[in-house]
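Below is one structure, written out as structure tokens; the observations come after it.
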Amino acid sequence: ASRAFKKFMPLFDRVLVERFAPELKTKGGIMIPEKALGKVLDATIVAVGPGARNETGTVVPLTVAVGERVLLPEYGGTKVEIEDKEYFLFRDTDILGKWES
Amino acid sequence: ASRAFKKFMPLFDRVLVERFAPELKTKGGIMIPEKALGKVLDATIVAVGPGARNETGTVVPLTVAVGERVLLPEYGGTKVEIEDKEYFLFRDTDILGKWES
Amino acid sequence: ASRAFKKFMPLFDRVLVERFAPELKTKGGIMIPEKALGKVLDATIVAVGPGARNETGTVVPLTVAVGERVLLPEYGGTKVEIEDKEYFLFRDTDILGKWES
Amino acid sequence: ASRAFKKFMPLFDRVLVERFAPELKTKGGIMIPEKALGKVLDATIVAVGPGARNETGTVVPLTVAVGERVLLPEYGGTKVEIEDKEYFLFRDTDILGKWES
Amino acid sequence: ASRAFKKFMPLFDRVLVERFAPELKTKGGIMIPEKALGKVLDATIVAVGPGARNETGTVVPLTVAVGERVLLPEYGGTKVEIEDKEYFLFRDTDILGKWES
Amino acid sequence: ASRAFKKFMPLFDRVLVERFAPELKTKGGIMIPEKALGKVLDATIVAVGPGARNETGTVVPLTVAVGERVLLPEYGGTKVEIEDKEYFLFRDTDILGKWES
Amino acid sequence: ASRAFKKFMPLFDRVLVERFAPELKTKGGIMIPEKALGKVLDATIVAVGPGARNETGTVVPLTVAVGERVLLPEYGGTKVEIEDKEYFLFRDTDILGKWES
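Chains as they are written, first to last, in the working numbering: chain A, 103 to 203; chain B, 103 to 203; chain C, 103 to 203; chain D, 103 to 203; chain E, 103 to 203; chain F, 103 to 203; chain G, 103 to 203.
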């Protein structure tokens, strides 16, 4: 992650992710038309918040860390532009799963 | 479950399931037309998350384990494609029941 | 309950019930037309889950047991087919009452 | 209450009530037409459940007892037929008040 | 409050109130037409329940007492007829305020 | 605040406020037409309730006191007439902020 | 922040922010028409409340401080005019993230 991310810190249990670049070609090498490119659900965690407090007041640690590859839900997330690059903010609890590195 | 699943880990109280293949023939051996094939509600658990925290902050263990045969609810679940195979993510609390192995 | 039920275990606070056979004749012996047969609300418990956890994390025991005769609510319940027989899954908290054996 | 009620036990914080018979005549002795008979909101408790658990898991005792005369809310309640007699199930918390015996 | 009220006891955190008689004349002595009489929001407490339990199971005492003059909210409340007189049931938490006697 | 307010006591976490008189002229001295007078959001606290109980049963003290100048939200609040003067009841938690005296 | 803000104190977990002035020109120096100016989501914290109480009654400290640069969500926030300048009130939990100074 470039220096910019160390500067930006999501709050509470939010995590900042960068989606993978979409596959422009099918396995067989045929170009996929722009419109047909579904939303990319694979992404990398670029910044994480400190975690949110539960009802008893203790901060709950997050389950994902910077650099991990995660699977995003189809809906939700907030688009955020930082230094002209497109990122998305999700809640830790909305991330579906991660790939053990 | 193939190596791929050990790599992918659902988060919180989510479990990854693979539905049984649909019965293509009736008991009497007559082919069932594609359209008439209802959703298959029998499935196998292929990966489980670590569990979710309850209000007091302790992680609640899951009630199903990898390899168990379970009964899925008719609705809900998130379709997920991993290495071109179709799986579904459910919450542990949504699984209706399981067959004692 | 046949062996099949011992094998199938509802999860959390769900209970599996089998509705009584509908009365086909009125007290006076007149056949009741199929359409007029209301839903049968009397049933027997055939399998019970382990119970669900409350907020403090302890498992809450169920109030009905296998073999007991219960009164079902008019609505709710999930139809489940096990070995071609029709059962219903209810939450323990939705069962209206039971007859002391 | 007849023997039948001792056999039927409402569950959790439900109570079984039997509504008073409607007044068929006005104070002045004039017959009230069937349609004009409003719902009878006075009733007697004929069976009570064991009570429901609160969040900390302890069972909360009910505030009404068998034999007490209570005032029902206008709406809510579940009609239940036991041995061809009409009763109603209410939650303890829905009973508006009671007459000190 | 007449003997009737000592007999009727609201349950949980409900309180029974009797609205003041509406002012039939303006300050200047002009009769107010029936239709123009807004709902009277001033009332007296005639009976109180024992209070409701909070989540930890302890009974929460009420903030109003029999005989106090209170200000009712414009909406809500359940009309109740006791011995042909009109009263209203409110939750203690819905009473807006009271006049120090 | 006149004697009347000491007599009226809001209940729970309600506070009684009196809105400032609207500015009838613009800074430049031009009369503002009645219709154009927006709702006045500046007000003074004239009476406060004892506070409400939280889930563990302890009374939570209020954050505003009689005499303080506060900023009201645009919506919400209950109009209340006491001795022909117009006041408003708000919940302590709805007051947006206050001016340090 | 001018003196005025030290005087105004948001209540509970509200924070007062001042949005950055919108960029009137594109990177290439072309004037952006008024209508095309999206909402500015970058802002500075000018005043913070004392924090809100959680369920157990303890006050939860805020995660942002006066002077910090924050990223606002696209929706929500309450417009507030103080001494003819435009500010916005947000809940601490709604602020998406902040830039480490």
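Positions of the beta carbon are idealized from the N, C-alpha and C atoms, including for glycine.
Only a predicted model underlies this, so the values are computations on that prediction, with no experimental measurement involved.
Practice task
Classify ASP196(C) as helix, strand or coil using the three-state DSSP reduction.
Solution key: The DSSP-derived three-state label of ASP196(C) is helix.
Handout entry: LEU174(E) beta carbon less than 8 Å from that of ILE197(D)
Key = No.
Practice task
Indicate whether MET111(A) and GLY199(G) have their beta-carbon atoms separated by less than 8 Å.
Solution key: yes
Exercise for the section: Pull up the DSSP beta-bridge partners for GLU202(E), would you. Expected result: According to DSSP, GLU202(E) bridges with nothing at all.
Handout entry: Closer than 7 Å at the beta carbon, the chain E residues around LYS200(D)
Key = Within chain E, the residues near LYS200(D) are MET111 and LEU113.
Exercise for the section: Select from LEU126(C), PHE122(C) and ASN156(C) the residue whose C-alpha is nearest the C-alpha of LEU139(C). Expected result: LEU126(C)
Exercise for the section: Determine, using beta carbons only, whether THR195(C) and ASP144(C) come nearer to each other than 8 Å. Expected result: Not in contact: THR195(C) and ASP144(C) (Cβ atoms no closer than 8 Å).
Problem - Start-to-end residues for the beta strand (DSSP E) that takes in LEU118(C) - result: Unbroken beta strand (DSSP E) run through LEU118(C): 116-121.
Exercise for the section: Out of GLY153(E), ALA149(E), PRO124(E) and THR160(E), point me to the one whose CA is closest to VAL182(E)'s CA. Expected result: Minimum Cα distance to VAL182(E) is reached at ALA149(E).
Exercise for the section: Could you tell me whether the Cβ of GLU188(A) comes closer than 8 Å to any Cβ of chain G? Expected result: no
Handout entry: Member of GLY159(B), LYS141(B), GLU157(B) and THR165(B) whose CA lies at the smallest distance from the CA of GLY151(B)
Key = THR165(B)
Practice task
Assign TYR177(B) to buried or exposed, taking buried as 16 or more other Cβ atoms, counted over all protein chains shown, within 10 Å of its Cβ.
Solution key: By the neighbour-count definition (other C-beta atoms within 10 Å, threshold 16), TYR177(B) is an exposed residue.
Handout entry: Proximity below 8 Å, CB of ARG155(B) to CB of VAL162(A)
Key = yes
Handout entry: the stretch 154-179 of chain C: positions lying closer than 8 Å to chain D by Cβ
Key = ASN156, GLU157, THR158, THR160, VAL162, THR165, VAL166, LEU173, PRO175 and GLU176
Problem - Same chain only: Cβ atoms within 8 Å of PHE122(G), ignoring 5 sequence neighbours per side - result: VAL142, ASP144, ALA145 and THR146
Problem - For MET168(E), the first and last residue of its enclosing beta strand (DSSP E) - result: At residue 168(E) the sequence reads Val, which differs from the Met that was named. Neither: VAL168(E) is in no beta strand (DSSP E) and is coded neither H nor E.
Problem - Contacting positions in the stretch 135-146 of chain E - beta carbon closer than 7 Å to chain F - result: Legend: CB atoms of the stretch 135-146 of chain E lying less than 7 Å from CB atoms of chain F are not found in any residue.
Exercise for the section: Assign GLY179(A) to buried or exposed, taking buried as 16 or more other Cβ atoms, counted over all protein chains shown, within 10 Å of its Cβ. Expected result: buried
Practice task
Just the C-alpha distance for ALA106(C) and VAL119(C), rounded to the nearest angstrom, thanks.
Solution key: Because ALA106(C) carries a pLDDT of 49, less than 50, the predicted location of this residue cannot be relied on, and no value is offered for it.
Handout entry: Rounded separation between GLU170(G) and LYS109(A) - CA only
Key = GLU170(G) and LYS109(A): Cα-Cα distance of roughly 12 Å.
Practice task
Measure the CB-CB distance between THR128(G) and THR158(A) and report whether it falls below 8 Å.
Solution key: no
Handout entry: Min CB distance THR128(B) to chain C below 8 Å
Key = no
Practice task
Pick helix, strand or coil for LYS109(C), following the three-state DSSP scheme.
Solution key: helix
Handout entry: Alpha-carbon spacing of PHE190(D) relative to VAL117(D), whole angstroms
Key = 8 Å
Exercise for the section: With a 10 Å radius around its C-beta and 16 neighbouring C-beta atoms as the bar for buried, classify LYS187(G) as buried or exposed. Expected result: Burial call: exposed.
Exercise for the section: Verify the contact flag: GLY159(A), CB atom, against every heavy atom of the ligand MN, threshold strictly below 7 Å. Expected result: Looking for the ligand MN in the displayed structure turns up nothing, as the structure carries no ligands at all.
Handout entry: Contact set between ILE197(G) and chain A, taken where Cβ atoms lie within less than 8 Å
Key = LEU113
Exercise for the section: Classify GLU188(G) as helix, strand or coil using the three-state DSSP reduction. Expected result: strand
Handout entry: Per-residue DSSP class, three states only, for LYS129(C)
Key = coil
Exercise for the section: Starting from the beta carbon of VAL182(F), find every residue of chain E whose beta carbon is closer than 9 Å, and list them in chain order. Expected result: LEU143, LEU173, LEU198 and GLY199
Exercise for the section: Kindly indicate if chain E contains any beta-carbon less than 8 Å away from that of ARG116(F). Expected result: yes
Practice task
Enumerate in chain order the residues of its own chain whose CB-to-CB distance from PRO135(B) is below 8 Å, with the five nearest sequence positions on each side excluded.
Solution key: none
Handout entry: Where LYS137(E) sits in the DSSP three-state scheme
Key = helix
Exercise for the section: Determine the DSSP secondary structure at THR146(B), reduced to helix, strand or coil. Expected result: Annotated three-state conformation of THR146(B) is strand, per DSSP.
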